Amino acid sequence: MSKEHDSVLKKLTEYFEKKHSPVLVQRVNKGYSIIHESGERIARLVPRGGDSDRFKILWWSHRDKWERIGDFGGVVMSIEEALEYVLSDPMDIFWKGQSRSLTKGPTRDGGRSRLLALFGKLFGSDH
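For the sequence shown, my numbering begins at 36 and goes up steadily by one.
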């Protein structure tokens, strides 16, 4: 993973941690998937062409695949704008009934136990 991709992943993860949002961010196939702790897909950010400062925002559609938003080429924003857009969910397409934030404050382990449980769900671990 390049330093550029590593810094984007770190920025995304830190953003959701600061908001106490129960999500996991993963780098997958040239983009970043945001997945709720329940395993539901929330959003996907894909760098636009060679421009690592702008991201296409995708949503997990009723067709069970990532799709762009709208009919005119999708939504493209800076990473900061994209994160706020996903969290605020003005079109009500990302969270689909999932919690956007933890109901309790962060735990002493910083939420690691929830993330470990999510990894177990995602990768089939019994632990």
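Where a beta carbon is used, it is the ideal one built from N, C-alpha and C, also for glycine.
Keep in mind that this is a model prediction, so the values were computed, not measured.
DSSP three-state assignment for residue i, whether helix, strand or coil
i	result
E75	coil
D41	helix
K53	helix
K100	coil
Separation of residue j from residue i, as counted between CA atoms
i	j	result
A117	I92	7 Å
S56	F107	30 Å
K139	K45	For K139, the predicted structure reports a pLDDT of 38, less than 50, and the residue's modelled location is therefore unreliable. The matter cannot be settled from this model.
S73	R135	12 Å
C-beta contact flag for residue i and residue j at 9 Å
i	j	result
K54	P82	no
D88	I114	yes
is_contact[residue i, chain C] using C-beta, thresh 9 Å
i	result
S134	No chain C is part of this structure, which consists of one protein chain only.
Beta strand (DSSP E) runs contained entirely in the region 108-140, provided each spans 3 or more residues
110-113
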